[in-house]
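Presented below is the structure to which this report refers.
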Amino acid sequence: MNPNEKRYILSRFSDYYSDADFRIKNIERREFGVGNSKKIDSRHLAFGSVSEFRGYLISNTPFFVSHSASYYNFPAATPIEKKQRIGADLIFDLDIHADGKYAVYSRLDEAKQDVIRLVEEFLLGDFGLSKSDILIVFSGNRGYHVHVTDSEYLLLEGDERREIVNYIRGEGLRYEDFFEWVEKLYGPRPDEGGYRGRIARSIIADPTRLAPRIFADESKRKMFIEGIKEGDWSRSSMKLSDIPKKVANIAKSLPVLSINADAAVTHDMSKLIRVPNSIHGETALVARIVEDVDKFDPLDDALLDKKRQLLVVFNEDVPSLEIAESTFGPYKKGEKKELPESVALFYILKESASMIPA
20 MNPNEKRYIL SRFSDYYSDA DFRIKNIERR EFGVGNSKKI DSRHLAFGSV SEFRGYLISN
80 TPFFVSHSAS YYNFPAATPI EKKQRIGADL IFDLDIHADG KYAVYSRLDE AKQDVIRLVE
140 EFLLGDFGLS KSDILIVFSG NRGYHVHVTD SEYLLLEGDE RREIVNYIRG EGLRYEDFFE
200 WVEKLYGPRP DEGGYRGRIA RSIIADPTRL APRIFADESK RKMFIEGIKE GDWSRSSMKL
260 SDIPKKVANI AKSLPVLSIN ADAAVTHDMS KLIRVPNSIH GETALVARIV EDVDKFDPLD
320 DALLDKKRQL LVVFNEDVPS LEIAESTFGP YKKGEKKELP ESVALFYILK ESASMIPA
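The numbering of the sequence shown is the working numbering, which starts it at 20 and goes up by one.
Next up, the structure:
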């Protein structure tokens, strides 16, 4: 990216920040960090209000801006011990990883499904949180951030946060321990909470994964399912001692049972997380607050400007992408193309294209 491109892009970011919707809880208690050459070049910044923060972004526009999960008495103090932490949001970072620059963008729905499972199965289901204490944010690139602001979680220490994310990731679970012999084989019921109920409901949905031939018979399948509903896993001609191990093997392959969350982001309270509704400097996509996760389309709803056009030349071959319900590409190195500005900025920041001056 040359200096002229950098100036143009940051001017467009600045225009966006002039009326961006920032909803930063207790902003005066947050530490902020900004980045240009990397995601965080400097930190230990603090702002007394949203208007002060907005003014900074308009006049000193960075490529990246993040704030702390933690709340501090003195957020600008250094070293970190002098900040005096008084609590921290519980943050979950859910990303998709794929080879190459562009493969991840066709898989963003996988991250969205993880978010839905995290919220519905764990945060609302297992933990009993209220939707009003959960903020879902598209990261601006490869996934989503989920912020839990419930006051009961503010004072949790790092080890306690690690236990939560380990539980959500399904680490250390022994599904065999869900079963016991008391004349019959007893195990989890679908009306139970947590992983017990989750695995029971999953097996009820498709018992053939345990024994394809046996449960191909509708009457045998129905009898087994009715038993599971009562916690009795013995109503089958299967070798009962094999059931716990087979259930464990099935459970490890089911995405419904665990979430691919980055544990370090959750338990390390010194980390900074991208400011909701700020711009991601590697994509020009907005780290948009998600109001309706089912309907949210990151490659449409997170675009900056869909009206302006920008002429670019491609520096390398680029595969086709579905953006804003349109197909862009594939493009060849040296090809010139007029694109919607938001799409052009995306390719420029990926270093796949360069601006052609008007």
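We put the CB at the ideal spot given by N, CA and C, even for glycine.
Once you ignore the five residues that flank L204 on each side, which residues in its own chain have a CB closer than 7 Å to its CB?
Excluding sequence neighbours, L204 sits near F198, W252, S253, L259, I262.
Go through the stretch 120 to 161 residue by residue and report every complete run of the beta strand (DSSP E) that reaches 3 residues or more, in order.
Within the stretch 120 to 161, the complete beta strand (DSSP E) runs of at least 3 residues are 153 to 157.
If you check the beta carbons only, do F82 and N45 fall under 9 Å apart?
Going by C-beta atoms, F82 is not nearer than 9 Å to N45.
If you measure between the beta carbons of A267 and E195, is that distance less than 9 Å?
Cβ distance < 9 Å, so A267 and E195 count as in contact.
Buried or exposed: which applies to H299, given that a residue is buried once 16 or more other Cβ atoms fall within 10 Å of its Cβ?
H299 should be labelled buried.
Please classify V201 as buried or exposed, where buried requires at least 16 other C-beta atoms within 10 Å of its C-beta.
It is exposed - the Cβ of V201 has fewer than 16 other Cβ atoms within 10 Å.
How would you call P98, buried or exposed, if buried means at least 16 neighbouring beta carbons within 10 angstroms?
Burial call: exposed.
On a Cα-Cα basis, can you pick out the residue from Q328, R104, E24, D128 that is closest to S289?
Out of Q328, R104, E24, D128, R104 has the C-alpha closest to the C-alpha of S289.
Between L192 and the rest of its own chain, which residues show a CB-CB distance below 7 Å, the 5 nearest in sequence each way excluded?
Same-chain partners within the cutoff: Y214.
Which word fits H116, buried or exposed, when buried means at least 16 other C-beta atoms lie within 10 angstroms of its C-beta?
That one is exposed.
Sorted by chain position, which residues of the same chain lie with C-beta nearer than 8 Å to E245's C-beta, five sequence neighbours on each side aside?
So the list reads R254, once near-sequence residues are dropped.
Throw me the rounded Cβ distance for the E50 and R42 pair, which I believe falls under 8 Å.
About 18 Å separates the two Cβ atoms, so there is no contact after all.
Leaving out the 5 sequence neighbours to the left and right, which residues in its chain are closer than 8 Å to E129 when beta-carbon positions are compared?
Here the set comprises I115.
Pick out the complete alpha helix (DSSP H) segments inside the stretch 225 to 310, 4 residues or longer, and give them in chain order.
With a minimum length of 4 residues, the continuous alpha helix (DSSP H) runs that stay inside the stretch 225 to 310 are 237 to 248, 262 to 271, 282 to 286.
Compute the Euclidean distance between the alpha carbons of S320 and V312, then round it to the nearest angstrom.
Correcting the residue identity first, residue 320 is Asp in this sequence and not Ser. Spanning the two alpha carbons is a distance of roughly 11 Å.
Counting C-beta neighbours from all protein chains within 10 Å, is the total for N21 16 or more, i.e. buried, or is it exposed?
By the neighbour-count rule (16 or more Cβ atoms within 10 Å), N21 is not buried but exposed.
Using 8 Å for Cβ pairs, my map puts V156 next to A306. What's the rounded Cβ distance?
With a Cβ gap of about 6 Å, V156 and A306 count as contacting.
May I have the straight-line CA-CA distance separating D118 from P317, to the nearest angstrom?
One C-alpha to the other measures close to 20 Å.
To which residues of the same chain is F243 closer than 6 Å at the C-beta, ignoring the five residues directly before and after it?
Cβ within range, chain order: P226, R254, S255.
Go to R193, then tell me how far its beta strand (DSSP E) extends in each direction, as first and last residue.
Unbroken run through R193: none, as it is neither H nor E.
Just the C-alpha distance for S272 and N279, rounded to the nearest angstrom, thanks.
Straight-line Cα distance between these residues: approximately 13 Å.
Tell me the rounded alpha-carbon separation between D152 and G67.
Approximately 23 Å, taken between the alpha carbons.
For the 8 Å Cβ check, are there 3 or more pairs between the stretch 75 to 93 and the stretch 141 to 150?
No contact exists between the stretch 75 to 93 and the stretch 141 to 150.
Please state whether DSSP places P209 in a helix, a strand or coil.
DSSP places P209 in coil when its eight states are reduced to three.
Under the three-state reduction of DSSP, which class applies to I222: helix, strand or coil?
Looking at I222 - three-state DSSP - the assignment turns out to be helix.
When you compare only the Cα positions, how much space is there between E354 and L29?
Cα to Cα, the separation comes out at about 25 Å.
Could you spell out where the alpha helix (DSSP H) holding R31 opens and where it closes?
Here the alpha helix (DSSP H) through R31 covers 22 to 36.
Between R208 and I269, which are expected to be in contact by the criterion C-beta below 8 Å, what is the C-beta distance as a whole number of angstroms?
With 8 Å as the limit, R208 and I269 do not qualify as a contact, their Cβ atoms being about 17 Å apart.
Among K356, Y91, F32, L173, which residue has its Cα nearest to the Cα of Y75?
The residue with the shortest Cα to Cα distance from Y75 is F32.
So the beta strand (DSSP E) R48 belongs to, where does it begin and stop?
That residue, R48, is in no beta strand (DSSP E); it is neither H nor E in DSSP.
Using 8 Å as the Cβ pair cut-off and three pairs as the minimum, do the stretch 354 to 372 and the stretch 328 to 335 touch?
The stretch 354 to 372 is in contact with the stretch 328 to 335.
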